[in-house]
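One structure is given here, and the rest of the page talks about it.
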Amino acid sequence: MNENLKNWEAVIGLEIHVQLSTKSKLFSGASTSFGALPNTQACNIDLAMPGVLPVLNEEVLKMAIKLGKALNANINSPTSFARKNYFYPDSPKGYQISQMDNPIVETGYLDIETENGSKRIGVTRAHLEEDAGKSLHDDFEGQSGIDLNRAGTPLLEIVSEPEISTAEEAVAYLKSIHSIIRYLNISDGNMAEGSMRCDANVSVRKKGDTELGTRTETKNVNSFRFVEKAIQYEIERQVHELESGNKITQETRLYDSQKNTTRPMRSKEFANDYRYFPEPDLLPIILEKDFIQSVLDDMPEMPNEKKERFVSQFSLSKYDADLLAADKDIANYFEEVVKISNSPKLSTNWIMGELSAEL
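Residue 116 in numbering that gives the first Met the number 0 is what sits at position 117 of the sequence shown, and the numbering runs on without skipping anything.
The following block contains the structure:
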């Protein structure tokens, strides 16, 4: 199958769901702490009891503004919420409060490093929405349980332009987003616990074609390694289908990490299927310039800024600076070690060599 890939190119876009590290939920005061007993952190608002009204958590606005700045994006004011209508057991409202026409963050970009140098990936938008609950299927003897602890937890969904060309570029973009949200301290980015989840939209077309192929969406891939494997498999699967004279079905697929395959989950929905309309219980939000500036005044040093400083201040190579600055904790530890050793290069070699081998 790999031999046929040379005549094709992939078009990839990522949708990254980042769980924000607020103490309370997006529209209620219920706790967001991880690991509590099922259904012990869902209040009347999360359960959609009659007569309850959402109250917006101001902290999520600050986190979204910081992310927008880090993604070189526009901060929209006003920004507004909408109802995304669908029925699913873990969504007690029968809809999700999300954003449609006026997302808080729009039209940005992120530069990533590839084997061919730097590449700019457009960011279409980042919008706020509430998370759903969780369906549990183990230990129920053919039945399913519902845990609504996660319902209402604040998410930022970051949507890229379809400008990613390979599985490796997708991972580089995902790692850059992961680094940014950790530097901003808006999420721990723990993919194993679901704090960052990735959906990959993949299509293929003959090299030289300008028309996009039919895309599939692979949902909730929960590690960098699996994102790369899932995308690579999906590229090869689609090329094989088209080379065999078959058509690609627009659908949502799940990645099976044990078999390293994707399998159909359901037909792909369109925006019209969700019947979006303005959220009647939440007015549009006007973000005053002074408020936005006060948030931006609290911006920390970002990964790219830290890389540049490591090169200029410590005379590190770009390669070493990239490795150290990619992780906030390692970067901070490096600076503490340098204070003691007074040798940036020796500190780098020790951290990336002996210390990394022990971790």
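In this text, a Cβ means the ideal position worked out from N, Cα and C, and glycines have one as well.
Of all C-beta pairs linking the stretch 14-30 to the stretch 186-201, three or more are shorter than 8 Å, placing the two stretches in contact. Minimum Cα-Cα distance from Asp326 among the listed residues Gln142, Asn184, Asn38 corresponds to Asn184. Between the stretch 109-129 and the stretch 146-161 there are three or more inter-stretch CB-CB distances shorter than 8 Å, so the stretches are counted as touching. Three or more Cβ pairs closer than 8 Å define a contact, and the stretch 93-105 meets that threshold against the stretch 70-77. Thr251 is a Cβ neighbour of Glu216, given a cutoff of 8 Å. Beta-carbon to beta-carbon, Ala229 and Val220 are separated by about 5 Å, close enough to satisfy the 8 Å threshold.
If you look at Arg181, you'll find it in the alpha helix (DSSP H) that goes 166-183. Along the stretch 220-244, the alpha helix (DSSP H) occurs as fully enclosed runs of 4 or more residues at 223-242, listed in sequence order.
With fewer than 16 neighbouring CB atoms inside 10 Å of its own CB, Arg274 falls in the exposed class.
8 Å or more divides the Cβ of Glu58 from the Cβ of Gln95. Within the stretch 28-102, complete beta strand (DSSP E) segments of at least 3 residues are found at 81-84, 94-97, given in chain order. The DSSP assignment places complete alpha helix (DSSP H) segments of no fewer than 4 residues inside the stretch 272-302 at 288-295, in order along the chain. Within a 10 Å sphere around the beta-carbon of Gly67 sit 16 or more other beta-carbons, which makes this residue buried. Around Lys83, the same chain offers Tyr94, Gln95, Ser97, Tyr273, Tyr275 as residues with beta carbons nearer than 7 Å, after the five sequence neighbours per side are excluded.
Taking each of Gln231, Phe33, Gly28 in turn and checking the Cα distance to Lys133, the smallest one comes out for Phe33. The shortest C-alpha to C-alpha distance from Ala191 to any of Arg224, Ile111, Leu46 is the one to Arg224. According to the DSSP assignment, Pro161 belongs to no beta strand (DSSP E), since it is labelled neither H nor E.
Annotation for Ile145: no alpha helix (DSSP H) segment contains it, though the beta strand (DSSP E) segment containing it runs 144-146. Ala29 is positioned such that its CB atom lies closer than 8 Å to that of Gly151.
Met48 and Pro277 have their C-alpha atoms some 20 Å from each other. A contact is defined here as three or more CB-CB pairs under 8 Å, and the stretch 302-317 fails this definition with respect to the stretch 284-291. Counting the other CB atoms within 10 Å of its CB gives Ile339 a total below 16, which places it among the exposed residues. One Cα belongs to Val10, the other to Asn115, and the distance between them is close to 17 Å.
In the structure shown, the three-state DSSP call for Asn341 is coil.
Pairing Ala169 with Ile180, the inter-Cα distance amounts to about 17 Å. Taking the C-beta atoms as reference points, Ile64 is found no nearer than 8 Å to Leu282. By DSSP's assignment, Val104 forms a beta bridge with Ile74, Ala125. Our two residues, Ser27 and Met62, have alpha carbons roughly 17 Å apart in a direct line. Collapsing the DSSP output to three states places Gln18 in a strand. Distance from the Cα of Val51 is smallest, within the candidate group Glu105, Pro279, Pro153, for Pro279.
DSSP places Leu322 outside any beta strand (DSSP E); the residue lies instead in the alpha helix (DSSP H), whose first and last residues are 317-324. When Gln257, Val54, Leu322 are compared, the shortest CA-CA separation from Ser23 is found for Val54. Proximity to Tyr172 across Lys118, Thr248, Arg214, Asp208 peaks at Lys118, based on C-alpha coordinates.
Contact check for Ser20 against Asp187 passes: the beta carbons are separated by less than 8 Å. For Thr251, the enclosing beta strand (DSSP E) covers residues 250-255.
A distance below 6 Å between beta-carbons, with the five flanking residues on each side excluded, links Ser79 to the following residues of its chain, in chain order: Asn101, Pro283.
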